[in-house]
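K.L.:
So for the sequence shown, the numbering used here puts the first residue at 3; every next one is plus one.
All residues carry an ideal CB built from backbone N, CA and C; glycine is no exception.
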Amino acid sequence: AKAFETKLLQDYDGTPYAALGALAMARIYVEQDNLDEAEKKLRWAMDNANEQELKEVSRLRLAQVLVAMEKYDDALSLLGSELPTAYVSLVEELRGDAFRAKGNFDEARAAYDKALLTAGGRSEYLQLKRDSLGPAQENVS
Numbered sequence: 003a004k005a006f007e008t009k010l011l012q013d014y015d016g017t018p019y020a021a022l023g024a025l026a027m028a029r030i031y032v033e034q035d036n037l038d039e040a041e042k043k044l045r046w047a048m049d050n051a052n053e054q055e056l057k058e059v060s061r062l063r064l065a066q067v068l069v070a071m072e073k074y075d076d077a078l079s080l081l082g083s084e085l086p087t088a089y090v091s092l093v094e095e096l097r098g099d100a101f102r103a104k105g106n107f108d109e110a111r112a113a114y115d116k117a118l119l120t121a122g123g124r125s126e127y128l129q130l131k132r133d134s135l136g137p138a139q140e141n142v143s
């Protein structure tokens with residue numbers, strides 16, 4: 003399997019197949035709980051994909067892996083750069099997850115609220131995440 007990975011990523015690096023292959027390999031590594039290798043493959047895909055959509059998908063998946071690895075600031079940094087509006091809900095949900103894990107509950111609430119505004123039909127689980135944080139805290143002086 004490693005020989006195939008190496009051949010695909012080196013010999014076919016200028017093709018969409020290499021980036022798609024790296025995404026597929028990353029999924030397998032996540033399923034095996036090998037997040038370090040998943041991170042490497044997703045970074046490779048993000049940096050080497052010729053198609054903008056593949057770069058964006060790679061970045062979102064990498065952010066998910068970084069949150070799972072407890073690299074919250076890295077995930078937030080990755081999500082800080084501009085992504086198409088189609089990804090707003092997912093980006094904000096990931097930001098909420100990272101802020102929540104860091105203990106920044108006000109920022110998590112705000113991110114989840116923004117995600118809910120654009121979530122469409124997939125908002126039930128997102129609403130549960132948001133509700134678990136309770137209402138926003140009032141500023142008391």
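Does the ligand HEM have a heavy atom nearer than 7 Å to the CB of D108?
P.N.:
Looking for the ligand HEM in the displayed structure turns up nothing, as the structure carries no ligands at all.
K.L.:
Would the beta-carbon of R61 fall within 8 Å of that of L80?
P.N.:
Translated into the one-based positions of the sequence shown, residue 61 becomes position 59. Translated into the one-based positions of the sequence shown, residue 80 becomes position 78. Cβ atoms of R61 and L80: closer than 8 Å.
K.L.:
Can you tell me the Cα-Cα spacing of A77 and V59, whole angstroms?
P.N.:
Residue 77 sits at position 75 when you count from the first residue of the sequence shown. Residue 59 sits at position 57 when you count from the first residue of the sequence shown. So the two alpha carbons sit approximately 14 Å from each other.
K.L.:
Given L92, which residues of its chain have a CB within under 7 Å of its CB, disregarding the five upstream and five downstream residues?
P.N.:
Sequence index remark: in the sequence shown, residue 92 carries index 90 (1-based). Within the same chain, L92 has close Cβ partners L62.
K.L.:
I'd like the span of the alpha helix (DSSP H) that includes M27, first residue to last.
P.N.:
Translated into the one-based positions of the sequence shown, residue 27 becomes position 25. Start and end: P18 to E33.
K.L.:
If you draw a straight line from the C-alpha of D49 to the C-alpha of N106, how long is it?
P.N.:
For the purposes of this step, residue 49 is identified with residue 47 of the sequence shown, where counting begins at 1. For the purposes of this step, residue 106 is identified with residue 104 of the sequence shown, where counting begins at 1. Taking the straight line joining both Cα atoms gives about 30 Å.
K.L.:
Extract the residue ranges of the alpha helix (DSSP H) inside the region 38–83, only unbroken runs of 4 or more that lie entirely within it.
P.N.:
If we require 4 residues or more, the alpha helix (DSSP H) runs fully inside the region 38–83 come out as 54–70 and 74–81.
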